[in-house]
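Chemist:
Residue numbers (the working numbering): 98 to 591.
(1) Residue 550: which of 509, 580, 573, 311 sits nearest, CA to CA?
(2) Find out if the Cβ-Cβ distance for the pair residue 302, residue 459 is shorter than 9 Å.
(3) Quick check on the DSSP output: the beta strand (DSSP E) that includes residue 510 runs from which residue to which?
(4) Going by the CB atoms, is the gap between residue 212 and residue 289 shorter than 9 Å?
(5) Can you grab the Cα-Cα spacing for the pair residue 529 / residue 280, in whole Å?
(6) On the DSSP bridge list, what partners appear for residue 580?
(7) Could you check if residue 513 is buried or exposed, using at least 16 other CB atoms within 10 Å of its CB as the buried criterion?
(8) On a Cα-Cα basis, can you pick out the residue from 172, 348, 297 that is closest to residue 231?
(9) How many Å lie between residue 352 and residue 235 at the Cα?
(10) Considering only the alpha carbon of each residue, which of 590, 233, 567 lies closest to residue 620?
(11) Which same chain residues end up closer than 6 Å to residue 205 when comparing Cβ atoms and leaving out the 5 residues on each side of it in sequence?
(12) Answer with buried or exposed for residue 412, where buried requires no fewer than 16 other C-beta atoms within 10 angstroms of its C-beta.
(13) Using a 10 Å radius around the Cβ and a threshold of 16 neighbouring Cβ atoms, would you call residue 543 buried or exposed?
(14) Cα separation between residue 334 and residue 356?
(15) What runs of the alpha helix (DSSP H), each 4 residues or longer, lie entirely inside the region 361-394?
(16) Verify the CB distance criterion: does residue 343 have a CB-CB separation below 9 Å to chain B?
(17) Below 9 Å between beta carbons: does that hold for residue 313 and residue 166?
(18) Counting beta carbon pairs with one atom in the region 379-394 and one in the region 321-335, are three or more of them shorter than 8 Å?
(19) Straight-line CA distance for residue 156 to residue 244?
(20) Checking the sheet assignment: what are the DSSP bridge partners for residue 335?
(21) Within 10 angstroms of its Cβ, does residue 159 collect 16 or more other Cβ (buried), or is it exposed?
(22) Can you list, in chain order, the residues of its chain with a C-beta nearer than 6 Å to that of residue 210? Leave out the 5 residues immediately preceding and following it.
(23) Judging by CA-CA distance, which residue of 324, 201, 493, 506 is the nearest neighbour of residue 380?
(24) What does residue 570 pair with, by DSSP beta-bridge criteria?
(25) If we ignore side chains and look at the alpha-carbon of each, how far apart do residue 516 and residue 218 end up?
(26) At a cut-off of 8 Å, would you count residue 462 as near the ligand ATP, judging by its Cβ distance to the nearest heavy atom?
(27) Could you please give the first and the last residue of the uninterrupted alpha helix (DSSP H) stretch that includes residue 175?
(28) Our contact map puts residue 339 next to residue 362 with C-beta atoms below 8 Å; I'd like the distance itself, whole angstroms only.
(29) Using the three-state DSSP reduction, which class does residue 543 fall into: helix, strand or coil?
(30) Roughly how many angstroms separate the alpha carbons of residue 273 and residue 452, rounded to a whole number?
(31) So, with DSSP's three-state summary, where would you put residue 349?
(32) Just mark residue 360 as buried or exposed, buried being the case when its beta carbon has 16 or more other beta carbons within 10 Å.
(33) For the beta strand (DSSP E) that contains residue 226, what are its first and last residues?
(34) Give the straight-line distance between the Cα atoms of residue 250 and residue 271, rounded to the nearest whole angstrom.
(35) Under 8 Å: do the region 432-445 and the region 257-264 share three or more Cβ pairs, one atom per stretch?
(36) Let me check understanding here. Comparing Cα to Cα, which of 154, 176, 226 lies closest to residue 188?
Written out as structure tokens, the structure reads:
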């Protein structure tokens, strides 16, 4: 069974203006995590030593290890996201999706909505979402501190982190402001008796760690990254289930000191999601170094952003620099998928990135990385090879083309056909009657390929045989809708 996963952030229409770009099979995995049956409010018997486990430089409870991989819960980030859930702005971020733990936060801790730690993150605060402490920056912040209740800052703030927050302040002012805010967080921890809330939900947290640990991919994922990139400098690879992440289901990578992170917002019971996030999020800590080292050259191709800006913006990638980070991560991800799962899985991954996420350059990078793999003597690291990847962007220009409109469907290929995991109500496939839970068993009398909805042809009408979720069956005409739009196009054939 092959699943086609989205990016790692599920983004709702309430704050991006385009729900389709942020919803996928990963949305189905996240919704599975929301089921009430998975939430048990019975307070477990949990010993104090279990709640005080610390792995090297990062507070971790219920910790399990597999080589350099460390899996566990970080109470600091659960505290920070609990505070964020209490803000008025969190309603926008949730977009109607409410994890049981988030509901528990609102019920148990809601009376502390007026605490200064909450106010600082809300619309009028200096650290509000719109002022830079958002997405990966928000995710990174609590990782700088030691275990609660001490909460001492263990690491200097990274310069790249400081660049993203508190715009208009000097570096020293930012450091002082963030440290002062953390004191408010510690006060919230004491005033709200957050330790009691965390203990009361420990059984659920521990079940997430156990589930992820049981579903780790075969082999040594840390070594897979290290060998491919030629970089062995990271001491720990932390996999941290983070059910309170905002936006809901959002997952983030990160680096603090000698350690790198995969903060998982969804998919704890889904082996495909676990593998996907391990490949993607850890990949950022390797790939971002290469992009940052050649950013001046990369920005020369920023004019190409004009042809993909709407789709990138809907995925929270608002600038060309971010697109460059994501493009390299996804290109390497595709090569690692080829290595671990084979050509069919890699091809599906590439199609999704090209057609749904509009990383239209990914095949150029993917093909060139094959040369990197064969010339490691000349190019010991991806960083050494990256200028050759950038040069490939010189073959692209902007032009108006006709292309199929996005269907809004997210599918899983199975032995019986194409299961529809999600059908965006705002897209045309939904208007023609396709729904989540349906299975397309035949297309023009033949079992559909897993890539069918990613390879539609302009002007065609397909005849689909559908098995409905309720067991009924029908045949329907499915005409492809197309539009003319400005896109990056390749000037020369590959």
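We put the CB at the ideal spot given by N, CA and C, even for glycine.
All values derive from a computational prediction rather than experimental measurement.
Modeler: The relevant details are as follows:
(1) On the chain shown, residue 550 is found 453 positions in, with the first residue counted as 1. Measuring from the Cα of residue 550, the nearest candidate turns out to be 509.
(2) Counted from its first residue, the chain shown places residue 302 at position 205. Counted from its first residue, the chain shown places residue 459 at position 362. Going by C-beta atoms, residue 302 is not nearer than 9 Å to residue 459.
(3) To locate residue 510, count along the chain shown from 1; it is residue 413. Where residue 510 is concerned, the enclosing beta strand (DSSP E) stretches over 506-511.
(4) Numbered from 1 along the chain shown, position 192 holds the residue referred to as residue 289. Numbered from 1 along the chain shown, position 115 holds the residue referred to as residue 212. Closer than 9 Å, so yes.
(5) What you label residue 529 is simply residue 432 of the chain shown in a count that begins at 1. What you label residue 280 is simply residue 183 of the chain shown in a count that begins at 1. About 54 Å.
(6) Residue 580 sits at position 483 when you count from the first residue of the chain shown. The partner list for residue 580 (beta bridge, DSSP) reads 500.
(7) The sequence position of residue 513 within the chain shown is 416, counting from 1. By the neighbour-count rule (16 or more Cβ atoms within 10 Å), residue 513 is not buried but exposed.
(8) Against the chain shown, residue 231 aligns to sequence position 134. The shortest Cα separation from residue 231 among 172, 348, 297 belongs to 348.
(9) Here residue 352 refers to the residue found at position 255 of the chain shown. Here residue 235 refers to the residue found at position 138 of the chain shown. Between residue 352 and residue 235, the C-alpha separation is close to 13 Å.
(10) Because the chain in this structure spans residues 98 to 591, residue 620 falls outside the shown range and cannot be described.
(11) Residue 205 sits at position 108 when you count from the first residue of the chain shown. Closer than 6 Å at Cβ, skipping near neighbours: 294.
(12) Reading the chain shown from its first residue, position 315 is the one you call residue 412. So residue 412 counts as buried.
(13) As a first step, residue 543 is located in the chain shown; it is residue number 446 there, counting from the start. Residue 543 should be labelled exposed.
(14) Looking up residue 334 in the chain shown gives position 237. Looking up residue 356 in the chain shown gives position 259. Distance between the alpha carbons of residue 334 and residue 356 is about 6 Å.
(15) 368-390
(16) Note that chain B does not occur in the displayed structure, where there is just one protein chain.
(17) Translated into the one-based positions of the chain shown, residue 313 becomes position 216. Translated into the one-based positions of the chain shown, residue 166 becomes position 69. Yes, the pair counts as a contact, with Cβ atoms nearer than the cut-off.
(18) yes
(19) Within the chain shown, residue 156 is the residue found at index 59, counting from 1. Within the chain shown, residue 244 is the residue found at index 147, counting from 1. If I take the Cα positions, the gap works out to 5 Å.
(20) Indexing the chain shown from 1 puts residue 335 at position 238. In DSSP, residue 335 forms a bridge with 167, 358.
(21) Walking along the chain shown from the start, residue 159 turns up at place 62. The residue in question, residue 159, is buried, as its Cβ has 16 or more Cβ neighbours within 10 Å.
(22) Here residue 210 corresponds to residue number 113 of the chain shown, with the count starting at 1. The answer, listed in chain order, is 183.
(23) The sequence position of residue 380 within the chain shown is 283, counting from 1. It is 324 whose Cα lies nearest to the Cα of residue 380.
(24) Sequence index remark: in the chain shown, residue 570 carries index 473 (1-based). According to DSSP, which records beta bridges pairwise, residue 570 is partnered with 564.
(25) Translated into the one-based positions of the chain shown, residue 516 becomes position 419. Translated into the one-based positions of the chain shown, residue 218 becomes position 121. When rounded, the distance between both Cα atoms is 41 Å.
(26) Ligands are entirely absent from the displayed structure, and the ligand ATP is therefore not among its contents.
(27) What you label residue 175 is simply residue 78 of the chain shown in a count that begins at 1. That run of the alpha helix (DSSP H) goes 172-182.
(28) Residue 339 sits at position 242 when you count from the first residue of the chain shown. Residue 362 sits at position 265 when you count from the first residue of the chain shown. 6 Å between Cβ atoms; contact.
(29) In the chain shown, the residue the question calls residue 543 occupies position 446. Residue 543 falls in the strand class under three-state DSSP.
(30) Here residue 273 refers to the residue found at position 176 of the chain shown. Here residue 452 refers to the residue found at position 355 of the chain shown. So the two alpha carbons sit approximately 45 Å from each other.
(31) Taking the first residue of the chain shown as 1, we reach residue 349 at position 252. Residue 349: strand per DSSP, three-state reduction.
(32) Walking along the chain shown from the start, residue 360 turns up at place 263. Buried.
(33) Residue mapping note: residue 226 aligns to position 129 of the chain shown, counting from 1. Element bounds for residue 226: n/a, residue is neither H nor E.
(34) Along the chain shown, read from residue 1 onward, the residue named residue 250 stands at position 153. Along the chain shown, read from residue 1 onward, the residue named residue 271 stands at position 174. Their backbone Cα atoms lie some 14 Å apart in a straight line.
(35) no
(36) For the purposes of this step, residue 188 is taken as residue 91 along the chain shown, with counting starting at 1. That would be 226, whose Cα lies nearest to the Cα of residue 188.
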